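Residue numbers (the numbering used here), protein chains in the order written: chain A, 1 to 234; chain B, 1001 to 1234. The next block holds one structure in the form of structure tokens; read it before the comments.
Protein chains: 2
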Amino acid sequence: MVLYELAGADPELLFSPHCWKVRMALAHKGLTAETRPWRFTEREAIAFSGQGYVPVLVDGTEIVSDSWRISQYLDAQYPDTPPLFGGEAAIPLAAFINAWADRTLLPLIARIILLDIHDCLAPVDQAYFRASREKRFGQNLEAVVADRPAHLSALRSALSPLRDALRKAPYLSGVTSAYADYCVFGMFMWARCTSPVELLEADDPIFHWRDRLLDAFGGLARSARHAAIDGARP
Amino acid sequence: MVLYELAGADPELLFSPHCWKVRMALAHKGLTAETRPWRFTEREAIAFSGQGYVPVLVDGTEIVSDSWRISQYLDAQYPDTPPLFGGEAAIPLAAFINAWADRTLLPLIARIILLDIHDCLAPVDQAYFRASREKRFGQNLEAVVADRPAHLSALRSALSPLRDALRKAPYLSGVTSAYADYCVFGMFMWARCTSPVELLEADDPIFHWRDRLLDAFGGLARSARHAAIDGARP
């Protein structure tokens, strides 16, 4: 399999939250894919997929884009590997959690790390990123991230339901992790790979959940390349 | 079975979001319980349950409080009735959605309907409600609800993940409703029963999902008593 993943100026800096959902899903299932680093401005390189965003998974003659559709594809195509869901009833609930990560967490984290992401990108991508994100937020990047304490506070408040759930079980999916966990964890990897800002306090149950997932699959996520801005990240 | 439920001055005005979760859960399973109306200030009436909040379900010699624990009890105790979850994997994900309803939606809806709730209560409860809620919000009730357009806008934005999920399936739980739906629907019943404010726009997929649940189980929710403030509620 080949997985097209968003990369920074450093081709080993793979930071997309949606690509991280797929990386963790592949590891969960014991599957491997060769990474093909891709930049925002390389639309023609994935034009074969019929759309313009990563992740794109190529599995023999199958071409699957969109992280959610890839998760469904992997469970259908590889039924003898550990399931990402665990029954039909869990799939729509996991879809909601994926939407919560994308619609609620992603914009809040963006307001903290957007300028750090910019600084990780190849120069040609920086111009695209600045223009598209400044249009989306209606402000220049520096203004979007200006009030970091307020944005951190808003994020930590929005994380309340995750915190509650993790007081009942070690993972969002229960006693072991599954795709719903990876949907949310992808957001934290996005920040970890690009920014020196610590999103969580050390006494937060979410901090410890994130630690468990950083260590999962032989430390796949913990050992991933990140922008070594402060050199002190654990 | 007997279910202790929060009531307004009118004993048939049953408006607690958590009690509505249980009402819908009982209907889903084809079970019935006799309602025992209860007011905030009647702590002694449910002291037998070992705590001070409703819902409290009494089933023979079993006493179960807390809507989430009641949902687990019902599936365990009545395994031959339709399941509220649908597999072990769905339970922790539904627990997250319950926490999202309680932690994210409930405070946002409170900022819209708090004064309307107050006006539905028996006089003795009004004093308790005003004091406890003004302490919680750090403002008087009139100030909490003052900027209704802003609160409605914040609520509709926070509902984005639900909207996304309901574009994929008719219910949060998929093709049929289940407990995760009732957790969220309870919040809308709380508002419907106490307030004339319409929380949703008519072209919102959530509006139509709510309509389907209002009609479920023979129109249990649609026919429920509500504060007929404007007389024009559908």
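Cβ coordinates follow ideal geometry from the N, Cα and C atoms, glycine included. Values in this document were obtained by computation on a predicted structure and should not be read as measured data.
> In whole angstroms, what is the alpha-carbon distance linking A:Pro107 and B:Glu1088?
Replying inline: What you label residue 107 of chain A is simply residue 107 of the first sequence in a count that begins at 1. What you label residue 1088 of chain B is simply residue 88 of the second sequence in a count that begins at 1. Separation of A:Pro107 and B:Glu1088 (C-alpha to C-alpha, rounded to the nearest whole angstrom) is 31 Å.
>> Quick check for students: name the residue ranges of the beta strand (DSSP E) that lie wholly in the region 32 to 70 of chain A, counting only runs of 3 or more.
In response: Segments of the beta strand (DSSP E) lying fully in the region 32 to 70 of chain A: 34 to 38, 56 to 59, 62 to 65.
> Going by the CB atoms, is the gap between A:Trp209 and A:Asp164 shorter than 9 Å?
Replying inline: Taking the first residue of the first sequence as 1, we reach residue 164 of chain A at position 164. Taking the first residue of the first sequence as 1, we reach residue 209 of chain A at position 209. In this structure, A:Asp164 keeps its C-beta atom at 9 Å or more from the C-beta atom of A:Trp209.
>> Mapping the DSSP letters down to three states, classify B:Val1197 as helix, strand or coil.
In response: As a working mapping, residue 1197 of chain B is identified with position 197 in the second sequence. Residue state, collapsed to three classes: coil.
> Excluding sequence positions up to five away, which residues of its chain have a Cβ less than 7 Å from the Cβ of A:Ala232?
Replying inline: As a working mapping, residue 232 of chain A is identified with position 232 in the first sequence. Residue placement at A:Ala232 cannot be trusted, given a pLDDT of 44 that sits under 50; the coordinates are not used to answer.
>> According to DSSP, simplified to helix, strand and coil, what is B:Gly1219?
In response: Along the second sequence, one-based indexing puts residue 1219 of chain B at 219. Look at B:Gly1219 here: in three-state DSSP terms it is helix.
> Looking at A:Leu105 and A:Leu155, is the spacing between their C-beta atoms short of 9 Å?
Replying inline: As a working mapping, residue 155 of chain A is identified with position 155 in the first sequence. As a working mapping, residue 105 of chain A is identified with position 105 in the first sequence. It is a contact, given that the beta carbons lie within the stated cut-off.
> Between the region 61 to 91 of chain A and chain B, which residues of the former have a C-beta closer than 8 Å to a C-beta of the latter?
Replying inline: Hits within the stretch, in order: Phe85, Gly86, Gly87, Glu88, Ala89, Ala90, Ile91.
> Quick one: Cα of B:Trp1100 to Cα of A:Ala216, how far?
Replying inline: Taking the first residue of the second sequence as 1, we reach residue 1100 of chain B at position 100. Taking the first residue of the first sequence as 1, we reach residue 216 of chain A at position 216. Using only the alpha carbons, I get a separation of about 26 Å.
>> In whole angstroms, give me the CA-to-CA distance for B:Pro1234 and B:Pro1196.
In response: As a first step, residue 1234 of chain B must be located in the second sequence, where it is residue number 234. As a first step, residue 1196 of chain B must be located in the second sequence, where it is residue number 196. Residue confidence is low: B:Pro1234 scores 41 on pLDDT, short of 50, so the model does not pin down where it sits. Its coordinate-derived value is still stated next. Whole-angstrom Cα-Cα distance: 11 Å.
> Can you name, in chain order, every residue of its own chain whose Cβ lies under 8 Å from the Cβ of B:Met1187, other than the five neighbours on each side?
Replying inline: Walking along the second sequence from the start, residue 1187 of chain B turns up at place 187. Hits under 8 Å: Pro1017, Ala1101, Leu1105, Leu1106, Ile1109.
>> Could you compute how far the alpha carbon of A:Ser173 sits from the alpha carbon of A:Tyr179?
In response: In the first sequence, counting from the first residue as 1, residue 173 of chain A sits at position 173. In the first sequence, counting from the first residue as 1, residue 179 of chain A sits at position 179. For A:Ser173 and A:Tyr179, the distance between alpha carbons rounds to 8 Å.
> Assuming A:Ala185 and A:Met24 make a contact with CB atoms under 8 Å, what is their CB distance in whole Å?
Replying inline: One-based indexing of the first sequence puts residue 185 of chain A at position 185. One-based indexing of the first sequence puts residue 24 of chain A at position 24. Residue 185 of chain A is actually Phe in this sequence, not Ala. Contact holds; Cβ gap of about 6 Å.
>> Strictly below 8 Å CB to CB, what residues from chain A border B:Asp1204?
In response: Indexing the second sequence from 1 puts residue 1204 of chain B at position 204. B:Asp1204 does not reach chain A, its nearest Cβ partner there being about 14 Å away, counting only Cβ pairs nearer than 8 Å.
> Hey, does A:Arg233 have any beta-carbon neighbour from chain B nearer than 9 Å?
Replying inline: Residue 233 of chain A sits at position 233 when you count from the first residue of the first sequence. With a pLDDT of 46 at A:Arg233, under the threshold of 50, the modelled position of that residue is not reliable, and no figure is offered here.
> In three-state terms, what does DSSP make of B:Arg1136?
Replying inline: Locating residue 1136 of chain B in the second sequence gives position 136, where the first residue counts as 1. B:Arg1136: helix per DSSP, three-state reduction.
> In the structure shown, what three-state DSSP assignment does B:Tyr1182 receive?
Replying inline: On the second sequence, position 182 is the one that residue 1182 of chain B refers to. DSSP places B:Tyr1182 in helix when its eight states are reduced to three.
> Which residue or residues does DSSP assign as beta-bridge partners of B:Ala1007?
Replying inline: To locate residue 1007 of chain B, count along the second sequence from 1; it is residue 7. DSSP, once it has assigned bridges, lists B:Leu1014 as partnering B:Ala1007.
> CB A:Asp204 to CB A:Leu152, shorter than 9 Å?
Replying inline: Walking along the first sequence from the start, residue 204 of chain A turns up at place 204. Walking along the first sequence from the start, residue 152 of chain A turns up at place 152. The answer is no: Cβ separation not under 9 Å.
> Between A:Leu115 and the rest of its own chain, which residues show a CB-CB distance below 6 Å, the 5 nearest in sequence each way excluded?
Replying inline: The residue you call residue 115 of chain A lines up with position 115 of the first sequence. Once the five neighbours on either side are set aside, the close Cβ partners of A:Leu115 are Leu141, Val145.
>> Please tell me whether B:Ser1097 has its Cβ less than 9 Å away from any Cβ of chain A.
In response: Counting from one through the second sequence, the residue named residue 1097 of chain B turns up at place 97. Inspection of the sequence shows that residue 1097 of chain B is occupied by Ile rather than by Ser. With respect to chain A, the C-beta atom of B:Ile1097 has a partner C-beta closer than 9 Å.
> Taking the alpha-carbon positions, what's the B:Ile1112 to B:Leu1200 distance?
Replying inline: Counting from 1 along the second sequence, the entry for residue 1112 of chain B is found at position 112. Counting from 1 along the second sequence, the entry for residue 1200 of chain B is found at position 200. Cα to Cα, B:Ile1112 sits roughly 12 Å from B:Leu1200.
>> Could you check whether the Cβ of A:Thr194 sits closer than 9 Å to any Cβ belonging to chain B?
In response: Position 194 of the first sequence, counting from 1, holds the residue named residue 194 of chain A. No, because no Cβ of chain B sits closer than 9 Å to the Cβ of A:Thr194.
>> So if I threshold CB-CB distances at 7 Å, which residues from the region 18 to 48 of chain A count as touching chain B?
In response: Of all residues in the region 18 to 48 of chain A, none comes within less than 7 Å of chain B when Cβ atoms are compared.
> Should A:Leu108 be counted as a contact of the ligand MG given a C-beta to heavy atom distance under 8 Å?
Replying inline: This structure lacks the ligand MG; in fact it carries no ligand of any kind.
>> Would B:Leu1014 and B:Leu1026 be called neighbours here (beta carbons separated by less than 9 Å)?
In response: On the second sequence, position 14 is the one that residue 1014 of chain B refers to. On the second sequence, position 26 is the one that residue 1026 of chain B refers to. No, the pair does not count as a contact, with Cβ atoms beyond the cut-off.
> How should B:Val1022 be labelled, buried or exposed, when 16 other C-beta atoms within 10 angstroms of its C-beta is the threshold for buried?
Replying inline: Looking up residue 1022 of chain B in the second sequence gives position 22. It is buried - the Cβ of B:Val1022 has at least 16 other Cβ atoms within 10 Å.
>> Between which two residues does the alpha helix (DSSP H) holding B:Ser1173 run?
In response: Your numbering for residue 1173 of chain B matches position 173 in the second sequence. Looking at the DSSP string, B:Ser1173 is not in any alpha helix (DSSP H), and its letter there is neither H nor E.
>> Just to confirm the assignment: which complete alpha helix (DSSP H) runs, minimum length 4, are found wholly within the region 84 to 114 of chain A?
In response: Counting only runs that start and end inside the region 84 to 114 of chain A, the alpha helix (DSSP H) elements of at least 4 residues fall at 90 to 100.
> When the Cα atoms are used, what is the spatial distance from A:Thr61 to B:Ser1177?
Replying inline: Residue numbering aside, residue 61 of chain A sits at position 61 when the first sequence is read from its first letter. Residue numbering aside, residue 1177 of chain B sits at position 177 when the second sequence is read from its first letter. A:Thr61 and B:Ser1177: Cα-Cα distance of roughly 37 Å.
> Taking the alpha-carbon positions, what's the B:Arg1148 to A:Ser223 distance?
Replying inline: The residue you call residue 1148 of chain B lines up with position 148 of the second sequence. The residue you call residue 223 of chain A lines up with position 223 of the first sequence. Whole-angstrom Cα-Cα distance: 48 Å.
> Of the residues that make up the region 1165 to 1182 of chain B, which ones have a beta carbon closer than 8 Å to any beta carbon in chain A?
Replying inline: Shown in chain order are the members of the region 1165 to 1182 of chain B whose Cβ falls below 8 Å from a Cβ of chain A: Ala1165, Lys1168, Ala1169, Tyr1171, Leu1172, Ser1173, Gly1174, Ala1178, Ala1180.
> Near A:Glu34, what residues of its chain come up, given a Cβ to Cβ distance below 6 Å and the 5 sequence neighbours on each side ignored?
Replying inline: Position 34 of the first sequence, counted from the first residue, corresponds to residue 34 of chain A. Val2.
> Using the rule of at least 16 other Cβ atoms within 10 Å of the residue's Cβ for burial, across every protein chain shown, is A:Gly8 buried or exposed?
Replying inline: Stepping through the first sequence from its first residue, residue 8 of chain A is reached at position 8. Flag for A:Gly8 reads buried.
> Going along chain B in order, which residues have a C-beta closer than 7 Å to the C-beta of A:Pro161?
Replying inline: Mapped onto the first sequence, residue 161 of chain A falls at position 161. The contacting residues are Phe1096, Ala1099, Trp1100, Arg1103, Thr1104.
> Could you check where the alpha helix (DSSP H) with B:Arg1156 kicks off and where it finishes?
Replying inline: Taking the first residue of the second sequence as 1, we reach residue 1156 of chain B at position 156. Taken as a continuous stretch (DSSP letters only), the alpha helix (DSSP H) holding B:Arg1156 covers 1148 to 1158.
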